[in-house]
Amino acid sequence: MPRKPRNYATTSFFHVITQGIDKKYIFDKSEDIKFYIKIMYKLKQAQEIDIISYCIMNNHAHILIKTEILEELSKYMQRLNTSYAKYYNKKYDRVGYVFRDRYKAEGIYSENHLYNCIKYIYDNPVKAGICDKAEEYPYSNYKKIKIELNERYKFIDIDETTEEICKNIVHDFLIENKIEKEELKENEIKLKKLIILMKEEYKISLRKISEELEIGREKIRRLYNQ
């Protein structure tokens, strides 16, 4: 069961990342990627979701999904990855897990965050050195994307709700990593991971991170810059 994206009542958009077991290639061949994309669109007809953008890499996939109903996201991803795992195991005469234990889903909380997420998704093959431009990669919908933002799409103002978002991020991180807040302060590896998540993914200032974690700003800055 995937962990719940934070504060679902305030957004309709979710950045979903699903990864191969042990980070192994599970989309190695063109026909495998095409099959995954095919069932992505086939299965969405049964759920109340829209696929905004996607990029399928060799060992993981990024999908930006819009839905007004949280349960639809969970049902869709479960059906999608189960269908692909059955196909993959049968084709390659194997048994066992194909994907990691659960997918990652992050809510998108502002229009700026949305467009940054779309750019991040399409830039994956460029950063990996597979192609020079996002439009050159054949396994994304870069050339077909059409974004329509209107009153139906709900966003919160990050500047006005930073404190709440910080608490949600920290809460989810502690649960996911099975660690208490006081333990986290002494574990610099996990602490740095959380700081980078808050700073780079959610654009939260180091000052605000310092306040939320109750850790000196110099330590926060040192870990972030390491």
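Numbering (this note's numbering), first residue to last: 920 to 1145.
Backbone N, C-alpha and C fix where the C-beta goes; we use that ideal spot for every residue, glycine too.
Small disclaimer: the values here were computed from a predicted structure and weren't measured.
Item	Value
Straight-line CA distance for Asn1087 to Glu1025?	12 angstroms
With distances taken Cα to Cα, identify the nearest neighbour of Leu999 among Val1014, Tyr1022, Ile988 and Lys985.	Tyr1022
Which class does Val935 belong to by DSSP, given the choice of helix, strand or coil?	strand
What does DSSP give as the partner residues of Gly1048 in its beta bridges?	The partner list for Gly1048 (beta bridge, DSSP) is empty, contrary to what the question assumes.
Measure the C-alpha to C-alpha separation of Asp1042 and Lys1009 and round it to an integer number of angstroms.	32 angstroms
Just checking: is the beta-carbon of Leu1093 within a distance shorter than 9 angstroms of some beta-carbon in chain B?	Within the model displayed, chain B is absent; a lone protein chain is all it includes.
According to DSSP, simplified to helix, strand and coil, what is Asp969?	strand
By the 10 Å Cβ neighbour count, where 16 or more other Cβ atoms means buried, how is Gly939 classified, buried or exposed?	buried
Rounded to a whole number of angstroms, what is the C-alpha to C-alpha distance between Asp969 and Met959?	10 angstroms
Among Glu1119, Glu1107, His1090 and Asn1106, which has the Cα closest to the Cα of Glu1131?	His1090
So the candidates are Glu1107, Lys1038, Val1017 and Met996; which of them puts its Cα closest to the Cα of Tyr944?	Val1017
What is the C-beta distance between Leu1167 and Ile971, in whole angstroms, given that I count them as a contact (C-beta under 8 angstroms)?	Shown here, the chain extends from 920 to 1145; a query on residue 1167 therefore has no answer.
Distance, Cα to Cα, Phe933 vs Ile952?	21 angstroms
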